[in-house]
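See below for the structure under consideration.
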Amino acid sequence: MAWQIQCTASPPLLPSFPPFTLKSTSSISLPLPLPPTRSSRFRSTHAPSPRPIAASFSAVESTTSTDGLGNSKTPLLEVKGLTAVIAETKQEILKGVDLVVHHGEIHAIMGKNGSGKSTFSKVLVGHPDYEVTGGDVVFKGENLLDMEPEERSLAGLFMSFQSPVEIPGVNNIDFLHMAYNARRKKLGEPELGPLEFYAYIYPKLDLVNMKTDFLNRNVNEGFSGGERKRNEILQLAVLGADLAILDEIDSGLDVDALRDVAKAVNGLLTPTNSVLMITHYRRLLEVIKPTFIHIMENGRIIKTGDSSLAEVLEEKGYTAISAA
Amino acid sequence: MAALTFIHQNLLHSTPKLTTSKPNLKPKRTKTKLSIQTIRESPQASFTDQFVLQLADSLEDSLPSSSSSLPLQKLRDNSSETLLSTQWPSRKDESFRFTDTSFIKNSDINPISHPPNSLDLLEVSRDTQFESFNFVDGFLVDSSFSSSKLPDGVYVGSLSQLSSEGILKRVCELLGDFEWGDLFWSVNGLGAPDLMVVYVPEGCRVENPIYLKYIAVEGADRGSKKMPLSNPRVFVLVEKGGEVGIVEEFVDEISHIKMDKLPIFVVKQMLKEKTSTYELVEVSTGGKLSRHNVHVQQLGSDTVTELTTFHLSVGDQTQDLHSRIVLDHPRGYSQQLHKCIVAHSSGQAVFDGNVKVNRYAQQTDAGQLTRSLLLEPRATVNVKPNLQIIADDVKCSHGAAISDLEDSQLFYFQARGIDLETAREALVFSFGAEVIDKLPYSFVQKQVKDHVKALLKSRRKGSS
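The listed protein sequences correspond, in order, to chains A and B. For the first sequence, this note's numbering assigns the number -12 to the initial residue and increments by one for each residue that follows. For the second sequence, this note's numbering assigns the number 575 to the initial residue and increments by one for each residue that follows.
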C-alpha cells in the first residue's frame, strides 16, 4: 500500500514483490505507526524528517528484516566523515561527507557547481585523480577504500560517467563483452562466447532505444551527448549493479532522451538495488522519484530531506537552504 | 634476408612510384631487415668507401658467372657503378641520423650464393596456406601458382622465364631508372640473383591479390659475427588503367623451427584510371633493424595517395620508416598515418615523413599524422614529420603525438570491472588495430591481428 503511494510514477517497481512479502511476513500492519523504529534502523546521520514517504520506506525495511534477508542490519553503503583532495594539487574538495544508503532506496544529491557532488561519486569508484585523506566507506560490509576500482565494480558498484571518454579502436560490443565476462568470472560462471553474448545483449538495446549498429561503433567515439548517456545506461543494464551512481545523467539530454534514460533506469530498479543520482535539475527527480534528497555544499552534505526539498530549491535557490 | 621491391607504374597522367629495398642480414633469433631507398647522395660521397667496395666484391663473387638476361645485367651494372661512389651511411647523414647501421658494418656480411636445399623448401612451403610466390633467402622458388588464373596479358614470375618480347622491352626501359636509391638499394641491385616481374597491361584489373612471401632460412648463431645477406628484387609495372593488389610478407624461418616468426607485411594496392590511386598499408613488427623507404612521386593531376603504417618494437629492435611524397600537379590528395608502439626499454622507432607540395600542386589536400606509444621507460621514438609547401592554395595538416596510454581510458575499463593488465592490452592492441583494419584482405587482417596479439602477449609474459 505504502509502495503504491510512493511509486506511482514508476510502474516497473510494482511487480507483486512488496505485497507478497508483506503477506508472507506478518499480519499486515499499517506502515504509518512505524516511524519510531525507523530512526534507529536507518542509523542515518542525516535522518530524514518523518514524512509519509520515509515512513513508507520503513515498511519495506520491516519486511526485509523479517523475511530473513538481513538487509536491514547492514546498509548497502555507509560513508562516514569522508575527506578527499585532488591528487595533483592537494586541494581539499570533500570535507567530511556522511551518507547511508540502504537496499532499495533512491537517493539524489543536489548542490551548486563546485560543491563536490561529482568528486564524491568519483571518489566512491576510486578515480585516480582524487586521494582519500580520511573517513570510512563501507559497501556491502566491506571496506570500499581498500579495493581497486575494478574490484569495486565487480562488487556491485557502478558509476555512469558525466562525460564518458572516447576509446578509439575498441568496439562497443567487445568492450561490453570484456566487462561482462569479467563479472561472470568473478561470480565463478563460465564466460560467454561472442554469439551467446550477442543473444544476451540484443534485447537490452531496446531498453535504451538504440539501434544495433551502436554496438559496432568504437566506445563513445563520435557519440552525441545523448548517445553517450544511453551507452552508460546500456552498460548498467548489461552489468547490473547493487548501487548505481548516476552522475548528471540528465545533462545535455533533450526531453525525449531524458524520458528514455529514465525509463531504462526505472526498468532496472528492483526492491534490493539502489540508486544515487547527482543532478542539478528537478525534472530528473520527476521521472526517477528519489526517496531522499541531499544538499551538498562546500564538501559536506548539509541537509537531507524528501522530494519536497527539490521544490524548495526550485523556488528559493540554494541560499535559502544553506541559510536555514 | 634482403628483399627489395621496386614498384613502378607507368602512366601518362600520374605515376606513383614506390621502392623498397630490404637487404636483411640475420643472426640467429635476431634478424636484420633493411629496406632503404630515397636518399640523396651526400656531396662528399665522391670517393670510394673501402668497406663498400669489399662488399661489392663479395656480392659479385656470390653471383653465378653464367650470362644473365639483359635487364638484369643492366641493373647490376648500374648498381655497381653507384656503389663505387657511395659511402656506408653514418649518423652524420641526415637520413640515418637516428638509425644505427654500424653493427652491420662490424659483422661479417655473407651474401647467400645459392638457394637452400630441397628439404628446407619442403618445410617452408608446408607452412604456406595461401598460394604465394616464395622467395627463399632471396631466390624465387617454384610456386604452385597457376598463371591460368590471371587475366590475359598479365605476367607474374621470374624474369628468366619471361617470353614476351614486349614486356621485356618495357622492363628494360624502366628498370634501374630511379634517382632516389641509396646504398642498400644498390647493394640489392648488384646482388639480386633474379628479378621478379609483375606486369599488368593497360586497362586490366587483377582480381586476386598477388602474394609474395620472403622467407629467410639461413641464419647465424646469436653472438656470431656472421650475417647472411639475401637480395630478392621485385619489379612491378602497372600500365594505364590497370589495377593490382600485392601482399608482401617477410618471414623468418630458422633451422626448420619457427623460433621467431618475424613478418613484415607490406600491402600495396593500386588503382589506375585516368587519375591514379596508390594505397600502402604496412605493419612491421620484426627484425633487429627494419627500415622502409617509400617514395611517391606525382606525375599528373588528381592523384590519390594513402600511406598507413604501423610499427611495433617489442624487443631490442629499431623500426624505421622514411617516406617522401612529392606533389607537382594540381588537385592531389594524400593522407598519411603512421603509428608506432615501442614496448622495450632498448627499442626504438624512427619516422621521417616528408610531404612536398610544389608550386604547381595547387588545391592539394595533404595530411600527415604520426602517433607513438611508449610503454617502457627509456623506450625511444624519433619522429620528424614535415611538410614543405610552396603552392599557396592548398589544404595541409600535420601532427605528432607521443604518449603512454591515457589514464582516463584505462580508468574507464577499470570502472567496468576490467583489470588493468587486460585494459592495457586491449588499448595497446586497439592502437594498432586502426592500421590493421585498413589492410584490404580479411585473411591478411586476421593473420596480422593474431600475430600482433601474440607478440604483445609474449611481451607481457616476459615482463611478469
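We put the beta carbon where it would ideally sit given N, CA and C, even for glycine. What you are looking at is a predicted structure, and each value in this text was computed from that prediction instead of being measured.
Neighbouring residues, chain A, relative to residue i (Cβ below 7 Å)
i	result
Arg990/B	Ser140, Ala166, Gln222 and Leu226
Ser982/B	Val152
Ala630/B	Here the premise fails: no neighbours, minimum Cβ distance about 46 Å.
Continuous beta strand (DSSP E) stretch holding residue i: start and end
i	result
Ala79/A	Residue identity check: residue 79/A is Glu in the sequence provided, not Ala. Glu79 to Val88 is the extent of the beta strand (DSSP E) around Glu79/A.
Lys930/B	Gln922 to Val931
Ile915/B	Tyr907 to Val916
Ile265/A	Ser261 to Ile265
Ala142/A	It is not in any beta strand (DSSP E) - Ala142/A carries neither H nor E in the DSSP assignment.
Leu863/B	Leu863 to Gln871
Ser804/B	Lys800 to Ser804
Pro959/B	Thr954 to Ile963
Cys778/B	Where Cys778/B is concerned, there is no enclosing beta strand (DSSP E), given that its DSSP letter is neither H nor E.
Asp234/A	Leu230 to Asp234
Distance, residue j Cα to residue i Cα
i	j	result
Ala251/A	Lys82/A	34 Å
Ala307/A	Glu79/A	25 Å
Ala166/A	Phe824/B	36 Å
Asp651/B	Phe1017/B	40 Å
Val841/B	Leu854/B	Confidence at Val841/B is low in this model, with a pLDDT of 38, below 50, so its placement is unreliable and no value can be given for it.
Glu999/B	Asn130/A	29 Å
Arg28/A	His90/A	Residue confidence is low: Arg28/A scores 40 on pLDDT, short of 50, so the model does not pin down where it sits. No coordinate-derived value is stated.
Leu256/A	Val274/A	13 Å
Val1026/B	Ala917/B	12 Å
Asp1024/B	Phe1003/B	11 Å
Leu911/B	Ala923/B	15 Å
Ala975/B	Leu300/A	47 Å
Ile963/B	Ser977/B	28 Å
Asp123/A	His164/A	33 Å
Leu658/B	Asp623/B	7 Å
Asp293/A	Thr76/A	36 Å
Arg779/B	Pro725/B	8 Å
Leu69/A	Leu979/B	30 Å
Val1075/B	Asp939/B	Outside the shown range of chain B (575 to 1038) lies residue 1075/B, about which nothing can therefore be said.
Gly763/B	Ser653/B	6 Å
Pro160/A	Thr199/A	The amino acid at residue 160/A is misidentified as Pro; the sequence shows Ile. Ile160/A and Thr199/A: Cα-Cα distance of roughly 10 Å.
Within chain B, the residues that residue i reaches when beta carbons sit closer than 8 Å
i	result
Val190/A	A quick correction: the sequence has Pro, not Val, at residue 190/A. Within chain B, no residue comes near Pro190/A; the closest Cβ sits about 20 Å away, beyond 8 Å.
Pro115/A	Asp981 and Phe985
Arg170/A	Gly991
Met264/A	What Met264/A touches in chain B: nothing, since even the nearest Cβ is about 17 Å away.
Pro136/A	Phe985, Gln988 and Ala989
Chain-ordered chain A contacts of residue i [CB-CB under 8 Å]
i	result
Gln647/B	Going along chain A, no residue has its Cβ under 8 Å from Gln647/B, so there is no contact; the nearest lies around 49 Å.
Thr883/B	Near Thr883/B there are no residues of chain A at all, since even the closest Cβ is about 16 Å away, more than 8 Å.
Thr851/B	Residues of chain A passing the Cβ test: none, with the nearest at roughly 25 Å.
Thr938/B	Neighbours of Thr938/B on chain A: none; closest Cβ ~27 Å, over 8 Å.
Thr996/B	Met165 and Ala169
Under 7 Å by beta carbon: chain B residues contacting residue i
i	result
Gly156/A	Ser1004, Phe1005, Ala1007 and Glu1008
Pro110/A	Residue 110/A is actually Val in this sequence, not Pro. Within chain B, no residue comes near Val110/A; the closest Cβ sits about 13 Å away, beyond 7 Å.
Met146/A	Ala989
Limits of the unbroken alpha helix (DSSP H) element including residue i
i	result
Gly254/A	Val242 to Leu255
Ile188/A	Pro181 to Leu194
Gly765/B	Leu757 to Gly765
His896/B	Not the alpha helix (DSSP H): His896/B falls in the beta strand (DSSP E), residues Thr892 to Leu901.
Leu943/B	That residue, Leu943/B, is in no alpha helix (DSSP H); its beta strand (DSSP E) goes Asp939 to Leu948.
His164/A	Asn159 to Lys173
Thr106/A	Lys104 to Val112
Asp651/B	Leu644 to Leu658
Arg665/B	Here Arg665/B belongs to no alpha helix (DSSP H), and DSSP marks it neither H nor E.
Proximal residues of chain A, C-beta to C-beta of residue i below 9 Å
i	result
Thr660/B	The premise fails here: Thr660/B is roughly 42 Å from chain A at the closest Cβ pair, so nothing lies under 9 Å.
Thr944/B	Chain A residues near Thr944/B: none, gap ~16 Å exceeds 9 Å.
Thr859/B	Here the premise fails: no neighbours, minimum Cβ distance about 17 Å.
Ala766/B	Near Ala766/B there are no residues of chain A at all, since even the closest Cβ is about 39 Å away, more than 9 Å.
Under 9 Å by beta carbon: chain C residues contacting residue i
i	result
Ala917/B	Protein chains A and B are contained in the structure displayed, whereas chain C is not.
May I ask you to verify whether the segment 238 to 256 of chain A touches the segment 202 to 218 of chain A, counting CB pairs closer than 8 Å and requiring at least 3?
yes
Please determine if the segment 879 to 898 of chain B and the segment 1002 to 1022 of chain B are in contact, where contact requires at least 3 C-beta pairs separated by less than 8 Å.
yes
Can we say the segment 178 to 192 of chain A touches the segment 94 to 106 of chain A, given the rule of at least three CB pairs closer than 8 Å?
no
With three or more beta-carbon pairs closer than 8 Å as the criterion, would you say the segment 912 to 926 of chain B touches the segment 889 to 896 of chain B?
yes
Check whether the segment 759 to 779 of chain B and the segment 726 to 746 of chain B are in contact - that is, three or more C-beta pairs closer than 8 Å.
yes
Does the segment 146 to 160 of chain A touch the segment 108 to 124 of chain A, meaning 3 or more C-beta pairs lie closer than 8 Å?
yes
Between the segment 288 to 305 of chain A and the segment 118 to 130 of chain A, can you find at least three pairs of beta-carbon atoms closer than 8 Å?
no
Specify whether the segment 893 to 906 of chain B and the segment 927 to 935 of chain B touch according to this definition: at least 3 beta carbon pairs, one from each stretch, less than 8 Å apart.
yes
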